[in-house]
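All remarks here apply to the structure that follows.
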Amino acid sequence: SRKEAEKISMSLLRKKLAGCCNVFPVASAYLWKGKIEKAKEHSIIIKTSGKNFSAVEREIKRLNSYKIPCIEGWDVAHA
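If you're matching positions, the sequence shown starts at 25 in this note's numbering and goes up one per residue.
As structure tokens, this is what we get:
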């Protein structure tokens, strides 16, 4: 939900684990327990450094209601 995404974002910012968070609505389709499911969700782009990734991941898992949240990280060559 937007509320949950904003809660996660604010926690990461307060703890200085992220410099910026972008929350946006998405329409998702995914496989769950052998069935195709559709849902309206909110995703977060979290801008942080590689050294903070593990701490960010722990905080997302602590605050997220999903059984298996999607957490990805990319190395950025130019920012």
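Backbone N, C-alpha and C fix where the C-beta goes; we use that ideal spot for every residue, glycine too. What you are looking at is a predicted structure, and each value in this text was computed from that prediction instead of being measured.
Could you check what DSSP says for residue i in three-state terms: helix, strand or coil?
{"i": "Val50", "result": "strand"}
{"i": "Ala79", "result": "helix"}
{"i": "Lys31", "result": "helix"}
{"i": "Lys107", "result": "Because residue 107 is not part of the residues shown, which for the chain are 25 to 103, the question remains open."}
{"i": "Ser41", "result": "Rather than Ser, the amino acid found at residue 41 in this sequence is Leu. Coil, per DSSP."}
{"i": "Ile92", "result": "coil"}
{"i": "Ser57", "result": "Reading off the sequence shown, one finds Lys at residue 57, where the question assumed Ser. Coil."}
Quick check on this structure: which residue in the options has the alpha carbon closest to the alpha carbon of residue i?
{"i": "Lys64", "options": "Val50, Ala101, Gly43 and Trp56", "result": "Val50"}
{"i": "Ser67", "options": "Ser52, Arg38 and Lys40", "result": "Ser52"}
{"i": "Asp99", "options": "Thr72, Lys31, Ala29 and Arg26", "result": "Thr72"}
{"i": "Tyr54", "options": "His102, Ile92 and Ala101", "result": "Ile92"}
{"i": "Glu28", "options": "Arg38, Lys57, Phe77 and Val47", "result": "Val47"}
Check whether the Cβ atoms of residue i and residue j lie closer than 7 Å to each other.
{"i": "Ile84", "j": "Ala42", "result": "no"}
{"i": "Cys45", "j": "Ser33", "result": "yes"}
{"i": "Ile95", "j": "Glu81", "result": "yes"}
{"i": "Gly58", "j": "Phe77", "result": "no"}
The beta strand (DSSP E) that contains residue i, what's its start and end?
{"i": "Glu96", "result": "Here Glu96 belongs to no beta strand (DSSP E), and DSSP marks it neither H nor E."}
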